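Below is one structure, written out as structure tokens; comments come after it.
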Amino acid sequence: MPKVEKLSPAALVAIALLLPLPRPASAQTPYYSGKTIAIVRGGGAGGSGEFQSRALMPFLKKYIPGNPTIVMEFMEGGAGRKAANYLYTSKPDGLKIGSPGNMLPGPILGLPGSNYDIDKFIYIGSTETGNPYVFYTRRTAGIESLEKLRNVRGLRIGAHSVGHSVYITGRMFAWLLDLKDPRFVVGFNDPEMDVALNNGELDGRTTGNIDSVFREGAD
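Going by the working numbering, the first residue of the sequence shown is number 243, and it counts up by one from there.
Put into structure tokens, the structure is as follows:
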């Protein structure tokens, strides 16, 4: 009968040391760890677009692996087309997220300065859905009915710039409501437009953020 030799604890340890150990899974550092993501906002500070983008920021920080720093960059000009041009030529490293506002109408309408192809952007989502645009006037203008609105000649309608959604929807409302010789006054951001309305420098405007109008200045 073959003799069974007992191994000493020291021998067992030696054998264990000679056996290949399982290799630990390599801990891969998330790509965005220590990086900064910039949300490029096609407009100035203080508008509804900024508020929507800022509401998105904590969710990006929470759900993007690596806990990146999220900042905002404001780029006014061309109703979002300047920001769209900048994003279109930026390095595709995932460190720029666009919130250019109204970049889509530019190439479609053939507006100058639309040096980008809207089909080559990667669309992640939208912070502005389900908000229909409305047209409203200041109460002190005394325009209390559709009939009175149609009888006003030279109504001053405010907008950001030519090609902006507020400008485009303003022109659409003017056409649909058959306004007489409306005047489109551009060069405002949202807060400035509200001030101009209150000061009587404008008569009306459109917005897709009617909730803020009711909260802050229903008059």
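Every residue gets a Cβ at the ideal spot worked out from N, C-alpha and C, and that includes glycine. Being a predicted model, the structure only gives us computed values, none of them experimental.
Exercise for review: Could you have a look at K390 and say whether DSSP puts it in helix, strand or coil?
Suggested key: Your numbering for residue 390 matches position 148 in the sequence shown. Three-state result, K390: helix.
Review point. Would you say P199 and I399 are within 7 Å of each other, going by their C-beta atoms?
Key: Here the chain has residues from 243 to 461 only, and residue 199 is not among them.
Check your understanding: Is the closest heavy atom of the ligand GDP to the C-beta of L298 under 6 Å?
Key -> The ligand GDP is absent from the structure shown, which contains no ligands of any kind.
Review point. Any idea which residues DSSP pairs E315 with across the strands?
Key: In the sequence shown, counting from the first residue as 1, residue 315 sits at position 73. Paired residues: V282.
Point to revise | Contact between the stretch 287-302 and the stretch 330-337 (3+ Cβ pairs under 8 Å) | key: Between the stretch 287-302 and the stretch 330-337 there are fewer than three C-beta pairs closer than 8 Å, too few to call the two in contact.
Check your understanding: How should Y305 be labelled, buried or exposed, when 16 other C-beta atoms within 10 angstroms of its C-beta is the threshold for buried?
Key -> The count along the sequence shown starts at 1 and reaches residue 305 at position 63. The residue in question, Y305, is exposed, as its Cβ has fewer than 16 Cβ neighbours within 10 Å.
Check your understanding: So, helix, strand or coil for Y305, using DSSP?
Key -> Numbered from 1 along the sequence shown, position 63 holds the residue referred to as residue 305. Reduced to three states, the DSSP call for Y305 is helix.
**Study point:** Alpha-carbon to alpha-carbon, G348 and V376
**Key:** In the sequence shown, residue 376 corresponds to position 134, counting from 1. In the sequence shown, residue 348 corresponds to position 106, counting from 1. When rounded, the distance between both Cα atoms is 22 Å.
Point to revise | Enclosing beta strand (DSSP E) for T331 [first to last residue] | key: Position 89 of the sequence shown, counted from the first residue, corresponds to residue 331. It is not in any beta strand (DSSP E) - T331 carries neither H nor E in the DSSP assignment.
Point to revise | Whole-angstrom distance between M414 and I364, CA atom to CA atom | key: For this step, residue 364 is matched to residue 122 along the sequence shown. For this step, residue 414 is matched to residue 172 along the sequence shown. Rounded to the nearest angstrom, the two C-alpha atoms are 29 Å apart.
Point to revise | Buried versus exposed, by CB contacts within 10 Å (16 or more), S387 | key: By one-based count along the sequence shown, residue 387 stands at place 145. S387 should be labelled exposed.
Review point. With a CB to CB cut of under 7 Å and the five nearest residues on each side skipped, what residues in its chain are close to D432?
Key: As a first step, residue 432 is located in the sequence shown; it is residue number 190 there, counting from the start. G288, G289 and S290.
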